Every structure is written in structure tokens, then in C-alpha cells.
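Okay, so here's the structure we're looking at.
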Amino acid sequence: MPAKSTKPDAGSPDELKKGDRTRAAIIEAANRIFLSKGYHAASMRQITKEVHLALGGIYNYFDSKEDIFIAVL
109 MPAKSTKPDA GSPDELKKGD RTRAAIIEAA NRIFLSKGYH AASMRQITKE VHLALGGIYN
169 YFDSKEDIFI AVL
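109 is the number of the first residue of the sequence shown in the numbering used here; add one for each residue after it.
In C-alpha cells:
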């Protein structure tokens, strides 16, 4: 009989894909920055710096700062 795995099944709520974790980290960082600096003073560069992501990499997840703001809301 095969050993029972303790790893959550793929697709279960406990196992997020790396992309999902990165997207969530971007939203969390953006929320903090929007709250501390305001929407207009916040920049994509500040958000990516906090998440330790290359500036171009953020565009794999969001098209614009406005899209991130909508996700935060």
C-alpha cells in the first residue's frame, strides 16, 4: 500500500502557486504604500521594491497602478 502523502492536493486552498503568492504580495505591499503615501504618491517602483520584484515583473500580474488599486479595494 503506498504511503499517504501529507502534502495538500494540488488546487487545494492550502497550496497556492508561486504566481498567486506573488500577486498577493503585490496587493499587500501596494495596500501599505497606498495607505502611507496615498494613491498619487505611490509608484510601481516602490511597490516592486517592497516585494523584491523587478519593475518589469510586476506587469506580468497587473497592467497598471490603477489595476493594482482596484485589486486592493
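Using N, Cα and C, we set each Cβ at its ideal position, and we do this for glycine too.
Keep in mind it's a predicted model, so treat the numbers as computed, not measured.
A buried status is given to Y169, since no fewer than 16 other beta-carbon atoms sit within 10 Å of its beta-carbon. When the Cα atoms are used, N139 and L124 turn out to be separated by approximately 20 Å. In this structure A162 is exposed. Its beta-carbon is surrounded by fewer than 16 other beta-carbon atoms within 10 angstroms.
Per DSSP, G164 lies in no alpha helix (DSSP H) and is assigned neither H nor E. Take A150, set aside five residues on each side of it, and the residues of its chain with a beta-carbon closer than 8 Å to its own are A138, I141, F142, K173, in chain order.
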